[in-house]
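Chemist: Submitted below is the structure of interest, expressed as structure tokens.
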DNA sequence: CAACCAAATGAATGGTTATTCATTTTTATG
DNA sequence: CATAAAAATGAATAACCATTCATTTGGTTG
């Protein structure tokens, strides 16, 4: 997901394969947001990317693989961001949790184009095992990490009746639901507001740590 | 949404128009769950319903209208169920809220076929104003009712720092997120468990009323 | 700069799919 | 029972779309 040389204006033909793939994935995200997954065509994607019809099959073999790579792209972006926080040894447990929430509602993540992509794929998981397995793997990974953080925080205060697993499940579901609000009621729910709702829940569980954040 | 005469085995041709439309909508729900919105075809739907190709255009004019009516169907089913609870004068405020949660995680609502339909349409709202407006209207209606219930409950206990609007937003998002868990991790999350998570949140806000429900 | 190679193009192809409508089947009416 | 009206059928049609591949373009190398 890191900086790939995308000097599209200079010498397009010299772009590394990886960069062209990224360009096509980003065009796909825009198209899914603009036209919906069900009516996004190869012609739409290639035109959005400013390239020719055959290009997708050249780089991805098929439309289906392009879609899978698109899901993997946003899913990796999300997981990588959270892992970086989780593995950052300069942060305290409390700071990691705060950074996690900040990330969940950061511009790059709650971009409405990407939210549209998330929901489009979630809607198809029941019929596409490949989509489901991509989603399932990142979900477990994140849940384990976050539960661990809550368990650590529990030891740092008077939180004897906090259940870290339950809090993780609840926080995660809440975050997903707030993403939905950001997607379908853009005028009613602003990112900062969504983040405040998430903080409000954490404050109910860890008042000593998060009461002041609201 | 009420009982429509569907005597499919007796005299199919005599079914009222409304019933045939319902039959087609239910076939559509099954197909979207089975094949995904993007690859559900007219042939799939009519075959699932045990009818002939031309039937959808006869009753719905076009595929697009069938899809819109399908969204309206699940959306009405949900809204009607909640309104019935909200308007039931035999229930106390507390009982209404409990009934609301029970309904949110009842078999009819968290049927995985229907969940797949919800997410499929949510994923397309950004590109289809019609889908968006159907969703937007029911969301506002429910939020107003639920906020009102929380405001009433606030007066029945030591809840001076409870914010009914915030609690409504948070509960609603949580519920949507739990629906996602039920859709994509069916083996990990059971309906009763999801409901318990929702109750857990309400207990943080109204401990005097809901602490014992967990 | 010439020759080669990789990347990209886009017209052509073939398969898929929504929609139509002439025909058939069923129900209602007198 | 005969006739008319309504409902349903499904083969035919026309539009659409993913994929292919012969050709062109651009970059690299010696």
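Protein chains in written order, with this note's numbering: chain L, 1 to 214; chain W, 1001 to 1214.
We treat Cβ as the ideally placed atom computed from N, Cα and C, and that holds for glycine.
(1) Starting from the beta carbon of residue 119 (chain L), find every residue of chain W whose beta carbon is closer than 7 Å, and list them in chain order.
(2) Looking at the secondary structure, which residues open and close the alpha helix (DSSP H) in which residue 1204 (chain W) lies?
(3) Going along chain L in order, which residues have a C-beta closer than 9 Å to the C-beta of residue 1139 (chain W)?
(4) Does residue 8 (chain L) pass the burial test, meaning 16 or more other C-beta atoms within 10 Å, or should it be called exposed?
(5) Put residue 105 (chain L) into one of helix, strand or coil per three-state DSSP.
(6) Just the C-alpha distance for residue 134 (chain L) and residue 173 (chain L), rounded to the nearest angstrom, thanks.
(7) Determine the DSSP secondary structure at residue 1129 (chain W), reduced to helix, strand or coil.
(8) Only counting the same chain, and skipping five residues up and downstream in sequence, which positions put a Cβ closer than 6 Å to that of residue 138 (chain L)?
(9) If we cut at 7 Å on Cβ distances, does residue 178 (chain L) have a partner in chain W?
(10) Along the alpha helix (DSSP H) that carries residue 1111 (chain W), what are the first and last residues, could you check?
(11) Let me check understanding here. Comparing Cα to Cα, which of W:1101, W:1185, W:1153, W:1201 lies closest to residue 162 (chain L)?
(12) Just the chain L side, please: which residues come within less than 7 Å of residue 1200 (chain W) by C-beta, in chain order?
(13) Throw me the rounded Cβ distance for the residue 1105 (chain W) and residue 1082 (chain W) pair, which I believe falls under 8 Å.
(14) Give me the residue from L:71, L:165, L:145, L:141 with the minimum Cα distance to residue 123 (chain L).
(15) Given a threshold of 16 other Cβ atoms within 10 Å of its Cβ, counted over all protein chains shown, does residue 1058 (chain W) qualify as buried or as exposed?
(16) To the nearest whole angstrom, what separates the beta carbons of residue 86 (chain L) and residue 145 (chain L), a pair I think is in contact under 8 Å?
(17) Residues in the stretch 25-36 of chain L with C-beta within 7 Å of chain W's C-beta atoms, listed in sequence order?
(18) What would DSSP say about residue 1079 (chain W), mapped onto helix, strand or coil?
(19) Using a Cβ-Cβ cut-off of 6 Å (strictly less than) and excluding sequence neighbours within five positions of residue 1001 (chain W), which residues of its own chain qualify?
(20) When you compare the CB positions of residue 1184 (chain W) and residue 125 (chain L), do they come within less than 7 Å of one another, or not?
(21) Let's see if you can read the secondary structure: which residues bound the alpha helix (DSSP H) around residue 1030 (chain W)?
(22) Terminal residues of the continuous alpha helix (DSSP H) containing residue 175 (chain L)?
(23) Can the beta-carbon of residue 49 (chain L) be found closer than 7 Å to that of residue 67 (chain L)?
(24) If we call anything under 7 Å between Cβ atoms a contact, is residue 1037 (chain W) one with residue 38 (chain L)?
(25) Considering residue 42 (chain L), what are the terminal residues of the alpha helix (DSSP H) in which it resides?
(26) Taking 7 Å as the CB-CB cut-off, is residue 1154 (chain W) touching chain L?
(27) Buried or exposed for residue 1043 (chain W), please, with buried defined as at least 16 other CB atoms from any protein chain shown within 10 angstroms of its CB.
(28) Let me see if you follow: with CB-CB separation under 7 Å, is residue 147 (chain L) close to chain W or not?
(29) If we ignore side chains and look at the alpha-carbon of each, how far apart do residue 60 (chain L) and residue 1121 (chain W) end up?
(30) For a contact defined as C-beta to C-beta under 7 Å, what are the partners of residue 1128 (chain W) on chain L?
(31) At 7 Å on the CB atoms, spell out the chain W contacts of residue 174 (chain L), in chain order.
(32) Starting from the Cα of residue 196 (chain L), find the closest Cα among L:18, L:64, L:101 and give me that residue.
(33) Between the alpha carbons of residue 182 (chain L) and residue 29 (chain L), how many angstroms are there, rounded?
(34) Taking just the CA atoms, how far does residue 142 (chain L) sit from residue 1056 (chain W)?
(35) If you draw a straight line from the alpha carbon of residue 1033 (chain W) to that of residue 1119 (chain W), how long is it in whole angstroms?
Modeler: A quick look at the data gives this:
(1) Annotation: Cβ neighbours of residue 119 (chain L) in chain W (cutoff 7 Å, chain order): 1119, 1122, 1123.
(2) That run of the alpha helix (DSSP H) goes 1191-1205.
(3) Per Cβ cutoff of 9 Å: 181, 184, 185, 188.
(4) With a pLDDT of only 38 at residue 8 (chain L), under the threshold of 50, the placement of this residue in the model should not be trusted; the figure read from the coordinates follows. If you draw a 10 Å sphere on the C-beta of residue 8 (chain L), you find fewer than 16 other C-beta atoms in it, and that means exposed.
(5) In this structure, residue 105 (chain L) counts as coil in the three-state DSSP scheme.
(6) Here the alpha carbon of residue 134 (chain L) sits roughly 18 Å from the alpha carbon of residue 173 (chain L).
(7) In the structure shown, residue 1129 (chain W) sits in a helix (DSSP, three-state: H, G or I).
(8) Once the five neighbours on either side are set aside, the close Cβ partners of residue 138 (chain L) are 75, 79.
(9) Among the CB atoms of chain W, one or more fall inside 7 Å of the CB of residue 178 (chain L).
(10) Counting along the chain, no alpha helix (DSSP H) covers residue 1111 (chain W), and no H or E run does either.
(11) Checking every option, the nearest Cα to that of residue 162 (chain L) belongs to W:1201.
(12) The answer, in chain order, is 166, 170.
(13) That belief does not hold up - the Cβ atoms of residue 1105 (chain W) and residue 1082 (chain W) are roughly 13 Å apart, past 8 Å.
(14) Cα-wise, what sits closest to residue 123 (chain L) is L:71.
(15) Exposed, by the Cβ-count rule.
(16) So it is a contact: roughly 5 Å between Cβ atoms.
(17) So the list reads 33, 34, 35, 36, given in the order they occur along the chain.
(18) In the structure shown, residue 1079 (chain W) falls within a helical segment according to DSSP collapsed to helix, strand and coil.
(19) With a pLDDT of 34 at residue 1001 (chain W), under the threshold of 50, the modelled position of this residue cannot be trusted; read the value that follows with caution. Excluding positions up to five away in sequence, the list reads 1076, 1077, 1080.
(20) The answer is yes: Cβ separation under 7 Å.
(21) Counting along the chain, the unbroken alpha helix (DSSP H) around residue 1030 (chain W) starts and ends at 1017-1035.
(22) 164-184 is the extent of the alpha helix (DSSP H) around residue 175 (chain L).
(23) No, these two residues do not count as a Cβ contact at 7 Å.
(24) Yes. Within cutoff.
(25) Secondary structure note for residue 42 (chain L): its alpha helix (DSSP H) is the uninterrupted segment 42-48.
(26) So, not an interface residue.
(27) By the neighbour-count definition (other C-beta atoms within 10 Å, threshold 16), residue 1043 (chain W) is an exposed residue.
(28) The beta carbon of residue 147 (chain L) does not come within 7 Å of any beta carbon belonging to chain W, so the residue lies off that interface.
(29) Looking at the two C-alpha atoms, the distance is approximately 27 Å.
(30) Those within 7 Å of residue 1128 (chain W) in chain L are 36.
(31) Going along chain W in sequence order, the residues near residue 174 (chain L) (Cβ under 7 Å) are 1170, 1173, 1174, 1177.
(32) Out of L:18, L:64, L:101, L:101 has the C-alpha closest to the C-alpha of residue 196 (chain L).
(33) Roughly 17 Å separates the two Cα atoms.
(34) Distance from the CA of residue 1056 (chain W) to the CA of residue 142 (chain L), rounded to the nearest whole angstrom, comes to 44 Å.
(35) The alpha-carbon atoms of residue 1033 (chain W) and residue 1119 (chain W) are separated by roughly 10 Å.
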